[in-house]
Structures are given as structure tokens and as C-alpha cells.
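Position in the sequence shown counted from 1, then plus 11, gives you the numbering used here. Where is the CB? At the ideal position from N, CA and C, for every residue including glycine. Computed from a prediction, not measured in an experiment: that's the story for all the values here. Structure record follows, encoded as C-alpha cells.
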Amino acid sequence: MTSDPGSLSDSSDSTDPGDLSDLCRLSARDLAAAVRDRTVSAREVLDAHFARIDAVNPAVNAVITQVREQAYEAAARADELTAGTPADELPPLHGVPMTHKDTHATAGIRTTSGSPVFAEHVPAHDDLIVARFRAAGVISTGKNNVPEFAAGSHSFNELFGTTHNPWALDRSAGGSSGGAAAAIASRIQPLGDGSDMGGSLRNPAAFCNVAGFRPSAGVVPSAPAGHAWAWLGRSGPLARGVDDLVLAMSVLAGPDPRIPLDCPVPRTGFRALAAEGLPDPAARPLAGVRIGLSTDLGLGVPVEPEIVQVLLDRARVFEELGAVVEEAVPDLRDADEVFDTTRAFDMAVNLRTVVAEHRELVKPEIIWNVERGLALTAGQLMDAALARTRLHEAVRAFFDRWDVLLTPTSQVLPFPSEERWPRSVAGMPMQTYVEWMRSASLVSATGCPAVSVPGGFGPGGLPVGLQLVAAHGHDVELLRTARAYDRATRYGDLEPPL
Numbered sequence: 012m013t014s015d016p017g018s019l020s021d022s023s024d025s026t027d028p029g030d031l032s033d034l035c036r037l038s039a040r041d042l043a044a045a046v047r048d049r050t051v052s053a054r055e056v057l058d059a060h061f062a063r064i065d066a067v068n069p070a071v072n073a074v075i076t077q078v079r080e081q082a083y084e085a086a087a088r089a090d091e092l093t094a095g096t097p098a099d100e101l102p103p104l105h106g107v108p109m110t111h112k113d114t115h116a117t118a119g120i121r122t123t124s125g126s127p128v129f130a131e132h133v134p135a136h137d138d139l140i141v142a143r144f145r146a147a148g149v150i151s152t153g154k155n156n157v158p159e160f161a162a163g164s165h166s167f168n169e170l171f172g173t174t175h176n177p178w179a180l181d182r183s184a185g186g187s188s189g190g191a192a193a194a195i196a197s198r199i200q201p202l203g204d205g206s207d208m209g210g211s212l213r214n215p216a217a218f219c220n221v222a223g224f225r226p227s228a229g230v231v232p233s234a235p236a237g238h239a240w241a242w243l244g245r246s247g248p249l250a251r252g253v254d255d256l257v258l259a260m261s262v263l264a265g266p267d268p269r270i271p272l273d274c275p276v277p278r279t280g281f282r283a284l285a286a287e288g289l290p291d292p293a294a295r296p297l298a299g300v301r302i303g304l305s306t307d308l309g310l311g312v313p314v315e316p317e318i319v320q321v322l323l324d325r326a327r328v329f330e331e332l333g334a335v336v337e338e339a340v341p342d343l344r345d346a347d348e349v350f351d352t353t354r355a356f357d358m359a360v361n362l363r364t365v366v367a368e369h370r371e372l373v374k375p376e377i378i379w380n381v382e383r384g385l386a387l388t389a390g391q392l393m394d395a396a397l398a399r400t401r402l403h404e405a406v407r408a409f410f411d412r413w414d415v416l417l418t419p420t421s422q423v424l425p426f427p428s429e430e431r432w433p434r435s436v437a438g439m440p441m442q443t444y445v446e447w448m449r450s451a452s453l454v455s456a457t458g459c460p461a462v463s464v465p466g467g468f469g470p471g472g473l474p475v476g477l478q479l480v481a482a483h484g485h486d487v488e489l490l491r492t493a494r495a496y497d498r499a500t501r502y503g504d505l506e507p508p509l
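Written as C-alpha cells, this is what we have:
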């Protein structure tokens, strides 16, 4: 099922778009190009998209709302635009279909956040990430599944049930962007819009053998927002390959006046990277890149041994590409306090009214997290602020010497889907529903950009993700490194047995 884990691949991207059954295998870049060049119509792409949903969604349960009539109306408008516009003037994602994360507001399309409280909610506006994808030519076709209010890294809820992993239908697809990751892996769509507080982009990417990018704060503003100064949660894309992540960021990045956070990376940086020629693995494109490697983030974080072995094996690929890889990690001893306190505070800010008014409808993990936030003292908030400052200094010192940190994305392989969350990791008991995600949440606390890329598969055939981290604002450099690895290994090209 997998290629030689240390080998460098020269496989081609080409898939014949003339065969409609192959349209769902195309990257977002190639699919949009086929529509712009009139090789296929947006209507034909949509036919293939919905046919794929019909074929695989009953098994994976990734797509939970469909708006076929709206989508075909949008496809008709797209085809009219194609007929009357030069190809180079069409938007970069022209005619690409996409279901959206069910926690992202979509104008005119039901958005439930996976909660009975909002079972019939239809917003009048788009969240920024949806609006920017639509402005880039995406055709919205519905919504994909999430855990209730995006809390937890396993996509199940009382409204729509559980999303299953396309690589093993009895396993979790991760979360909270699990519906998007499962849809992308299942070849329903090439791109997805995600969000990430403690791993909600990265964990499902790792579980489903796709790529997920958590940008620096302010790069993709989470707008509109009740708490405009919030920094821990991020919006970002998922795709089967890093090249499509770069394409997505070229349309998603940029400031918004509703959010006061500075945008440290202009959209032009991602556009320039998207325009670069794809790296040739034989040319050692990572020559001079310094990578610090850690299997436990320097804190003894438990990680299943199969994941550790995959990480160590893939480290050799980075070396083959020219990078210097040595064991090194920032001092993250303050990261747990920063993450736990900030998450509890943000959860209380966002969901205290929902819990107060609909307690009987909300899952217990959310109630626990909101109550932790409401119980925070001024002293705890001050301690967390000082801890964040110490953490910032430690991370800054690390990236003065190193360009990238390489770690496991997730501490566990995809776990049985009937479990709410893993109760132990590598033999160590987990006390809360977020503790098993520390490999991701510790990185969240640093504020740094992070990307999960497919690392191949463990001995049992389950996907493993690698996490790459760079200094704040170095998003383009991070994606350049990740893309070189991705082009060399091509694990995202492999298809699940659906």
C-alpha cells in the first residue's frame, strides 16, 4: 500500500481530465486549470463531485448537508463566465466544488456546529474563509461533519453521528476538521476549509493521510468574531498535497478590518511561492535548511511507538533533500499552562451563554471546559500571561538557530470510532479529552505556524502525520520546506480502499 518510505518519487501529477471518473482525483490546481481551459465544464466537475459523494459518503459520513440546486446554479454561472472571459482572467479556483466545515457560517446553507442547539440554523453571512474561497471561484456544495462546537479531535455529534476514516472505516477521522479531511481523502473534493485551536487541522490531516496548515495568527483572520483579539484558534486549509495548500493560502491570506491582529505574511508571499516551479527532489531543494527533531517535544510526551518509528524513518528523507537534521526542541515547559488557560478562557467567552441556556443539549466535555474557564482567577490569568512571555522567548531563541521543528503530529494512530477520545497513550492514562493531543496543543501555545504532512503508514496500514513548525510569520518558508518533502514522498497520492 505504501512506497519505500525513504525513497524519492518522480511520479507525475497527470490525470486525464477527459475521463469524468478521474476528475475527483485531480488536485485543486489541475482541476481549476481544466475548467479554465474548457477541457471540462464546471457542471461536469459538479456531476463527478456529487457522484463521488453518492458512492462513498454512506460509508464515511463526511458530508452532512448538500445544496445541489444552489451548486448547479453556481456552476451554470461559472460556465457562463468561462465562455466570456479569457482563461488567465478567471479566478484561481474557478469551478472547484467544496463542502465547508459545519462550524463555518455559510450564507443560505444550514450551519449547525454539530449541536442540537443550532440544528436548523441558516446564517445570512459567510465566515471570512468561506467568503474568500467563494471569491476565488469555489462552488459551495454543502457542509462537512464536526464534533459539537469543534471541541475535541474526533468528529461525532448527536445530529449526524460519526465520521469514519476512509483508510479504516472502524477508526476515527480525527477532528474537529474530520469531515473535511475524510472528504478530501475520499476524493470527494480536493480542498477543505478548517480551523485549529489544539490540533483541529493537524490531527485529522494526520489521521486521513492529507495535509493541513495552521497559519500564523492574523494571516487568515477568523472573522466575524465575538472575541476579535483571540489568538489561539486559527483558520486554514486542508488538501491532499502541500502544493494545493499553497494555492489555497494565495487566496485566503490577508488582513480584515474586523480583526485587529496584524497579518505578518502578505498574500503576495504565497502567490510567489505558488508561481515557483515545483521542487526537484534530486536537486536537494532543502540544502542549508536546519531542522530540529523531537519525538516527545522535550517533555516526555507519550507517543505510540509506531509513530515514533515513522518519524525517524522520514527524517532521513529530509536529509536526502539536503537538510541538516539533529535532535533539538525549544523549551516548552510553559506551553501546557498557556494552552490550557487560554483555551478555557476562550471556550468560556464563546460558549458560556450556550451552556447556561441549553446545558441539557451540550456534550459534557464542553460543559467541563466552559466551567474551567469561568472558574479562572485573576492570578491564573496573570500567571498564564507571564508564562506566554517566557515561552515566546524560548521559542524565539530556538528559531534563531533552527529553521524548522519536526515532531509527530498526533500521539496516537487513528483510534476506534466508537471511543469518545483515547483513554491512554503508549500505556499512559489520559485524564481529559484534550490531553492526548499535546503534540499539537503544545505547538498551538507557541503561536507558531504548523503544517501536518502525510508521513506514510504504520505497520498496520494506518496513516501517520509529520508536524513541521516554523517561527511566527515564516509561513511561506515553512510551506516551501513541507512542499519539498511532499514532492519527494507523494504519500497523499495514495487512495484509500473505498
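Pick out whichever of His105, Arg49 and Ser227 has its Cα sitting closest to the Cα of Leu489.
What you label residue 489 is simply residue 478 of the sequence shown in a count that begins at 1. Checked all of His105, Arg49 and Ser227; the closest Cα to Leu489 is Ser227.
Below 8 Å, how does it come out for the region 337 to 346 and the region 390 to 408: are there three or more Cβ pairs, yes or no?
Yes, the region 337 to 346 touches the region 390 to 408.
Using a 10 Å radius around the Cβ and a threshold of 16 neighbouring Cβ atoms, would you call Leu249 buried or exposed?
Here the question's residue 249 lines up with position 238 in the sequence shown. By the neighbour-count rule (16 or more Cβ atoms within 10 Å), Leu249 is buried.
Look at Ile340 and Ser305 and say whether their C-beta atoms are less than 8 Å apart.
Looking up residue 340 in the sequence shown gives position 329. Looking up residue 305 in the sequence shown gives position 294. Reading the sequence as shown, one finds Val at residue 340 and not Ile. Yes, the pair counts as a contact, with Cβ atoms nearer than the cut-off.
Relative to the C-alpha of Glu91, which candidate in Ser126, Tyr496 and Arg49 has its C-alpha closest?
To locate residue 91, count along the sequence shown from 1; it is residue 80. Taking only the C-alpha atoms, the option nearest Glu91 is Arg49.
For the alpha helix (DSSP H) containing Val67, name the first residue and the last one.
Against the sequence shown, residue 67 aligns to sequence position 56. Ala53 to Val71 is the extent of the alpha helix (DSSP H) around Val67.
When you compare each of Ala264, Pro268 and Ala285 to Pro275 by their alpha carbons, which one comes out closest?
To locate residue 275, count along the sequence shown from 1; it is residue 264. Pro275 has its Cα closest to that of Ala264, out of Ala264, Pro268 and Ala285.
Here's the rule I'm using: 16 or more other beta-carbon atoms within 10 Å means buried, otherwise exposed. How should Thr397 be labelled?
By 1-based counting over the sequence shown, the position of residue 397 is 386. For the sequence presented, residue 397 should be read as Leu rather than Thr. Answer is exposed; the Cβ neighbour count stays below 16.
If you follow the beta strand (DSSP E) that Leu304 is part of, which residue opens it and which one closes it?
Reading the sequence shown from its first residue, position 293 is the one you call residue 304. Counting along the chain, Leu304 sits inside the beta strand (DSSP E) bounded by residues Arg301 to Leu304.
Check the C-beta distance from Gly469 over to Glu317 and give it rounded, since I have them as a contact under 8 Å.
Locating residue 469 in the sequence shown gives position 458, where the first residue counts as 1. Locating residue 317 in the sequence shown gives position 306, where the first residue counts as 1. Contact holds; Cβ gap of about 4 Å.
Does the beta-carbon of Thr418 have 16 or more other beta-carbons within 10 angstroms, so that it is buried, or is it exposed?
Walking along the sequence shown from the start, residue 418 turns up at place 407. Buried is the call here.
Where Ser38 falls, given that 16 or more other Cβ within 10 Å makes a residue buried:
Start at 1 with the first residue of the sequence shown, and residue 38 comes out as number 27. It is buried - the Cβ of Ser38 has at least 16 other Cβ atoms within 10 Å.
Which residues in the same chain as Asp24 place their Cβ atom closer than 7 Å to its Cβ, once the five residues preceding and following it in sequence are excluded?
In the sequence shown, the residue the question calls residue 24 occupies position 13. Only weak support exists for where Asp24 lies, its pLDDT of 46 falling under 50; the value from the coordinates is given anyway. The beta carbon of Asp24 lies closer than 7 Å to those of Ser38 and Asp41 in the same chain, with the five residues before and after it left out.
Taking only three categories from DSSP, how would you classify Ser181?
The sequence position of residue 181 within the sequence shown is 170, counting from 1. One detail in the question is off: residue 181 reads as Asp in this sequence, not Ser. Asp181: strand per DSSP, three-state reduction.
Given 8 Å as the limit, is there contact between the region 194 to 212 and the region 449 to 463, that is, 3 or more CB pairs closer than that?
yes
What whole-angstrom Cβ distance do Arg542 and Ala461 have, given they're in contact under 8 Å?
Since the displayed the chain opens at 12 and closes at 509, residue 542 lies outside it and no answer follows.
With a threshold of 16 other CB atoms inside 10 Å of the CB of Trp178, please say whether the residue is buried or exposed.
The residue given as residue 178 occupies position 167 in the sequence shown. By the 10 Å Cβ count, Trp178 comes out buried.
For Gln170 and Ala283, what's the separation of their Cα atoms in angstroms?
Position 159 of the sequence shown, counted from the first residue, corresponds to residue 170. Position 272 of the sequence shown, counted from the first residue, corresponds to residue 283. It should be pointed out that residue 170 corresponds to Leu in this sequence rather than to Gln. The alpha-carbon atoms of Leu170 and Ala283 are separated by roughly 42 Å.
Out of Arg301, Phe356 and Asp324, which has the shortest C-alpha to C-alpha gap to Gly333?
Reading the sequence shown from its first residue, position 322 is the one you call residue 333. Looking at the Cα atoms, Arg301 is the closest of the given residues.
Classify Ser261 as helix, strand or coil using the three-state DSSP reduction.
Against the sequence shown, residue 261 aligns to sequence position 250. Per DSSP, reduced to three states, the secondary structure at Ser261 is helical.
Thinking C-alpha only, which one of Gly186, Phe61 and Val133 is nearest Thr152?
Your numbering for residue 152 matches position 141 in the sequence shown. Among Gly186, Phe61 and Val133, the Cα nearest to that of Thr152 belongs to Phe61.
What number of angstroms, rounded off, separates the C-alpha of Asn380 from the C-alpha of Arg213?
Taking the sequence shown and counting its residues from 1, one reaches residue 380 at position 369. Taking the sequence shown and counting its residues from 1, one reaches residue 213 at position 202. Cα to Cα, Asn380 sits roughly 21 Å from Arg213.
With DSSP collapsed to three states, give me the class of Asp207.
Here the question's residue 207 lines up with position 196 in the sequence shown. The answer is strand: DSSP assigns Asp207 an E or B state.
Contact under 8 Å by Cβ, Leu473 with Val464
Numbered from 1 along the sequence shown, position 462 holds the residue referred to as residue 473. Numbered from 1 along the sequence shown, position 453 holds the residue referred to as residue 464. Pairing Leu473 with Val464 gives a Cβ-Cβ distance that is not under 8 Å.
In whole angstroms, give me the CA-to-CA distance for His238 and Pro271.
On the sequence shown, position 227 is the one that residue 238 refers to. On the sequence shown, position 260 is the one that residue 271 refers to. Rounded to whole angstroms, the gap between the alpha carbons of His238 and Pro271 is 10 Å.
Would you list the one or two residues that DSSP bridges to Ile318?
If you number the sequence shown from 1, residue 318 lands on position 307. Beta-bridge pairing links Ile318 to no other residue.
Give me, in chain order, the residues of the same chain whose beta-carbon lies closer than 7 Å to that of Pro313; leave out the 5 immediate sequence neighbours on both sides.
Position 302 of the sequence shown, counted from the start, is the residue given in the question as residue 313. Here the set comprises Gln422, Val436, Ala437 and Met439.
Where Asp15 sits in the DSSP three-state scheme
Numbered from 1 along the sequence shown, position 4 holds the residue referred to as residue 15. Because the pLDDT of Asp15 is 37, which lies under 50, any placement of that residue in the model is unreliable, and the number read from its coordinates should be weighed accordingly. The answer is coil: DSSP assigns Asp15 none of H, G, I, E or B.
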